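Residue numbers (the working numbering), protein chains in the order written: chain W, 58 to 279; chain A, 58 to 279. In this text, a Cβ means the ideal position worked out from N, Cα and C, and glycines have one as well. Note that the coordinates shown come from a computational prediction; the quantities given were computed from them, not determined experimentally.
Number of protein chains: 2
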Amino acid sequence: MPAGNDPWEDLLHLATSRPKRAPDRKQDRSKRTEQQILNAALRVFARDGISRSRIADIAAEAGISTSTLYEYYKSKEDLAYDLPTSHLVTFFEEYKVAVAGKISAREKLHLYLSMSADFAREHAEWGRLFYLEIWPSVLVSETELRHSVNDFARVVLYLIDEGVRQGEFPAGRNTYETASLLLGAVNQVIITWLLYRRPRNLTKASAEMAERVINMIANEVV
Amino acid sequence: MPAGNDPWEDLLHLATSRPKRAPDRKQDRSKRTEQQILNAALRVFARDGISRSRIADIAAEAGISTSTLYEYYKSKEDLAYDLPTSHLVTFFEEYKVAVAGKISAREKLHLYLSMSADFAREHAEWGRLFYLEIWPSVLVSETELRHSVNDFARVVLYLIDEGVRQGEFPAGRNTYETASLLLGAVNQVIITWLLYRRPRNLTKASAEMAERVINMIANEVV
DNA sequence: ATTTTTTTCGACGTTTTATCGGGAAAAATC
DNA sequence: GATTTTTCCCGATAAAACGTCGAAAAAAAT
Chain W
58 MPAGNDPWED LLHLATSRPK RAPDRKQDRS KRTEQQILNA ALRVFARDGI
108 SRSRIADIAA EAGISTSTLY EYYKSKEDLA YDLPTSHLVT FFEEYKVAVA
158 GKISAREKLH LYLSMSADFA REHAEWGRLF YLEIWPSVLV SETELRHSVN
208 DFARVVLYLI DEGVRQGEFP AGRNTYETAS LLLGAVNQVI ITWLLYRRPR
258 NLTKASAEMA ERVINMIANE VV
Chain A
58 MPAGNDPWED LLHLATSRPK RAPDRKQDRS KRTEQQILNA ALRVFARDGI
108 SRSRIADIAA EAGISTSTLY EYYKSKEDLA YDLPTSHLVT FFEEYKVAVA
158 GKISAREKLH LYLSMSADFA REHAEWGRLF YLEIWPSVLV SETELRHSVN
208 DFARVVLYLI DEGVRQGEFP AGRNTYETAS LLLGAVNQVI ITWLLYRRPR
258 NLTKASAEMA ERVINMIANE VV
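Quick look at the structure:
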């Protein structure tokens, strides 16, 4: 699918087609091994945190030797930063499907924020890795992963702009500031849940928060 | 100073008196060495990130041998998590002084959020360490540092409650949710600045954000 | 069946982390 | 001001984790 005329479609398409640095493996056996590594790494990273995790543990968990793991990833860091991408692509794909029926920017935005929290809840191991270790990391800015991370924020930016254009949100506010407000508020809820499992019902809490903040923005007197 | 009757005073007092796991060093020479270690560690951690930093580098930067460093901290992690505390205490002390004149919860809250951003700007190396590596870390919940981190959020919680009691903010909202909203929004601005140095003027941007969100909360129709 | 390509792994070298005991420097005691 | 005691520092060295390489095993191609 080439770049069309609809910038919204283009944005989502881009987000769902980030190249997963394909290692160009020929045999099926390799694809299985790779999957085993990723699954094992996710478990170990989420359990011990990236810095405390040992390559040997991940390899053992995956049922292979350490040297085989190095055949696939050149370092622990490499593995850690490659890991979140595929999940993130999945999230964008799910969102793409779910958002299809929605018309207003408001609805799209609300869905986006709620779904991101729900995705973190459903994939809690991934969530811990992504929200608590990868996203805030100083080092992301130097990796390929940063494109996916940027896509994540760019969607919010776009939807706010759209909302303003369609008169759903008042004009006259810095879009970046508004995006930070939305993302910051919802992410804070997600992070607290990942760390302390509170509030108990993340789905409800994040949907409420999204609803509340979007309302505030819509009703803001400029 | 013992625990008095003013819960606000007590809260601030607690935050400024978190025990810095004192290694009980007797000689002045040691105090100097310790300070050299902390300074060196801050520089190295901020430059390379915790995981990439090497004990040997920190020791060299501090002008001591690695074994001496181990005399003071039993591991790299230990050092990393001990580092932010003293700065955080300094922040609370500065805030304590600055807030003395303020009466309304709104003013206190605005000052708090603005000052926290400004503090991160003035101590950018510390800021990178604290906001990007320590705070979100899965591991904080197991360290002493978490008390200081909790103090940080507790102040916001308290001030929102106070604002509600005094009629500055509407009642009927979950205080935790409101606190997440405020903290999340302002922290997002700080984090973005630490990572990308944008927006250019953090002082202005964070003050604006604080102002905006506090206004929204004050004018919210429940 | 043989050759070629792909994948895996054990053995080994390197880097980083951490320990330990002896000796120097400072403080305390006389 | 000489001694004893305590505190502090470092070189040598052990332990652990990281990373490499060549050869063997498995799969695919001929």
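is_contact[residue i, chain A] using C-beta, thresh 8 Å
i, result
"residue 258 of chain W", "no"
"residue 206 of chain W", "no"
"residue 227 of chain W", "no"
"residue 194 of chain W", "yes"
"residue 232 of chain W", "no"
With 16 other Cβ atoms within 10 Å as the buried cut-off, status of residue i
i, result
"residue 245 of chain A", "buried"
"residue 184 of chain W", "buried"
"residue 160 of chain A", "exposed"
"residue 165 of chain A", "buried"
"residue 222 of chain W", "exposed"
"residue 133 of chain A", "buried"
"residue 256 of chain A", "buried"
"residue 141 of chain A", "buried"
"residue 125 of chain A", "exposed"
"residue 281 of chain A", "The displayed coordinates of chain A run from 58 to 279. Any statement about residue 281 of chain A would go beyond what the structure contains."
"residue 234 of chain W", "buried"
"residue 190 of chain W", "buried"
"residue 278 of chain W", "exposed"
"residue 81 of chain A", "exposed"
"residue 188 of chain A", "buried"
"residue 85 of chain W", "exposed"
"residue 63 of chain W", "exposed"
"residue 76 of chain W", "exposed"
"residue 253 of chain W", "exposed"
"residue 113 of chain W", "exposed"
Within chain A, partners of residue i - CB distance below 7 Å
i, result
"residue 246 of chain W", "237"
Where residue i falls: helix, strand or coil (DSSP)
i, result
"residue 149 of chain W", "helix"
"residue 209 of chain W", "helix"
"residue 165 of chain W", "helix"
"residue 264 of chain W", "helix"
"residue 258 of chain W", "coil"
"residue 108 of chain W", "coil"
"residue 128 of chain A", "helix"
"residue 187 of chain W", "helix"
"residue 157 of chain A", "coil"
"residue 271 of chain A", "helix"
"residue 121 of chain W", "coil"
"residue 231 of chain W", "coil"
"residue 65 of chain W", "helix"
"residue 83 of chain A", "coil"
"residue 73 of chain A", "coil"
"residue 194 of chain W", "coil"
"residue 200 of chain A", "coil"
"residue 180 of chain A", "coil"
"residue 96 of chain W", "helix"
"residue 225 of chain W", "coil"
"residue 278 of chain A", "coil"
is_contact[residue i, chain W] using C-beta, thresh 8 Å
i, result
"residue 240 of chain A", "yes"
"residue 189 of chain A", "yes"
"residue 249 of chain A", "yes"
Chain A contact residues for residue i, given Cβ-Cβ distances below 8 Å
i, result
"residue 198 of chain W", "252, 253"
- Interface positions of the region 107–126 of chain A facing chain W (Cβ-Cβ less than 9 Å), listed along the chain: Residues passing the 9 Å Cβ filter: 107, 108, 109.
- Selection of the region 262–276 of chain A by Cβ proximity to chain W, strictly under 9 Å: Result list: 262, 265, 266, 269, 270, 272, 273, 274, 276.
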